[in-house]
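Q: The opening position of the sequence shown corresponds to residue 20 in this note's numbering, with each subsequent residue numbered one higher. Glycine included, C-beta positions come from ideal geometry on N, C-alpha and C. Note that this is a predicted model, so its numbers are computed, not measured.
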Amino acid sequence: MSEAWPPFWPDIHDQRVLDAIAVVPREAFVPPEYRRWAHADEPLPIGSGQTISQPYVVALMTQALAVAPNQRVLEIGTGSGYQTAILAELAREVYSVERIAWLARLAEERLDDLGYRNAHFRVGDGHLGWPEQAPFDRIMVTAAAAIIPPALIDQLAANGQIVIPVGQPYGVQDLYLVWKQDDHAVERNLGAVRFVPLLPGQPET
Ligand code: SAH
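Right, here's the structure in full:
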């Protein structure tokens, strides 16, 4: 059965985002045993207790981030690399940090095979961002944090924006859009989401 891809989402209207979702093959980012559900609008397991986000949530977060073609983007929580590829379609450069080394390596291979040359990967603790590559015009965090990590605010360019789920690590969180202005930050709550936690501490192999 062939279904429309992307599906119709009433609140996703940014054509660049819809085009990116149309061209990135989600089936290349899910484990073989889940491939037949690659075009269902659901999160799927990717190993080590992690998940590839639901396509609608990817679309919502990407639309909220409002990435322009000349921008440099930091992503925290590479996971499968699917969101990384969507961002690589929209931005000039994408820098992605993941704490589980095997997931980072697999994501890097997938993006390389798909021909993305503007995505860069690092194994590390995303709470610390990627200071050597800062500042970033946009930052997307795809794991739930109790608070917005201060290093990420520091690494955000003037007038930069962050999209991040904030709240109880094993419950429901609120998706926040934070906009850094000259001397303060403005926040907007975009609604409830459920993400795996942004874990503290050392990277895992
Ligand atoms: N955007 C991903 C979703 C990944 S799920 C996708 O589309 O597939 C969240 C990811 O965040 C997991 O891979 C998890 O290992 C990672 N993560 C959790 N805590 C982290 C931390 N402190 N630093 C970096 N990555 C972290």
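Using only CA atoms, which one of Glu206, Ala170, Trp121, Ala78 lies nearest to Gln34?
A: Ala78
Q: Per the DSSP calculation, Val185 is bridged to which residue(s)?
A: Ala164, Asp193
Q: Can you say whether Ala163 is buried or exposed, counting buried as having 16 or more other CB atoms within 10 angstroms of its CB?
A: buried
Q: Only counting the same chain, and skipping five residues up and downstream in sequence, which positions put a Cβ closer than 8 Å to that of Trp24?
A: Ile40, Ala41, His58
Q: Within 10 angstroms of its Cβ, does Ile183 collect 16 or more other Cβ (buried), or is it exposed?
A: buried
Q: For the stretch 167 to 187 against the stretch 96 to 115, are there 3 or more C-beta pairs whose distance is under 8 Å?
A: no
Q: Around the C-beta of Gly145, are 16 or more other C-beta atoms found within 10 angstroms, so that it is buried, or is it exposed?
A: buried
Q: Can you list, in chain order, the residues of its chain with a C-beta nearer than 6 Å to that of Arg213? Leave out the 5 residues immediately preceding and following it.
A: Val191
Q: By the DSSP assignment, the beta strand (DSSP E) with Tyr114 in it spans what residues?
A: 112 to 117
Q: Quick one: any contact between the stretch 127 to 140 and the stretch 75 to 91, if contact means 3 or more CB pairs under 8 Å?
A: Output reads no: the stretch 75 to 91 does not touch the stretch 127 to 140.
Q: Assign Met20 to one of two classes, buried (16 or more other C-beta atoms within 10 Å of its C-beta) or exposed (fewer than that).
A: Because the pLDDT of Met20 is 49, which lies under 50, any placement of that residue in the model is unreliable, and the number read from its coordinates should be weighed accordingly. When all chains shown are included, Met20 counts as exposed.
Q: Please state whether DSSP places Ile31 in a helix, a strand or coil.
A: coil
Q: Please name the residue in Thr224, Met159, Tyr101 whose C-alpha comes closest to that of Tyr135.
A: Tyr101
Q: CB of Asp30 to nearest heavy atom of the ligand SAH: below 7 Å?
A: In this structure, Asp30 has its CB at a distance of at least 7 Å from all heavy atoms of the ligand SAH.
Q: Using beta-carbon positions only, say whether Arg157 and Gln187 come within less than 8 Å of one another.
A: Their beta carbons are not under 8 Å apart, which means Arg157 does not touch Gln187 by this criterion.
Q: Please report the straight-line C-alpha distance between Gly66 and Arg55, rounded to a whole angstrom.
A: The alpha-carbon atoms of Gly66 and Arg55 are separated by roughly 17 Å.
Q: Compare the beta carbon distance of Pro222 and Gly143 with 8 Å and say whether it is the shorter of the two.
A: yes
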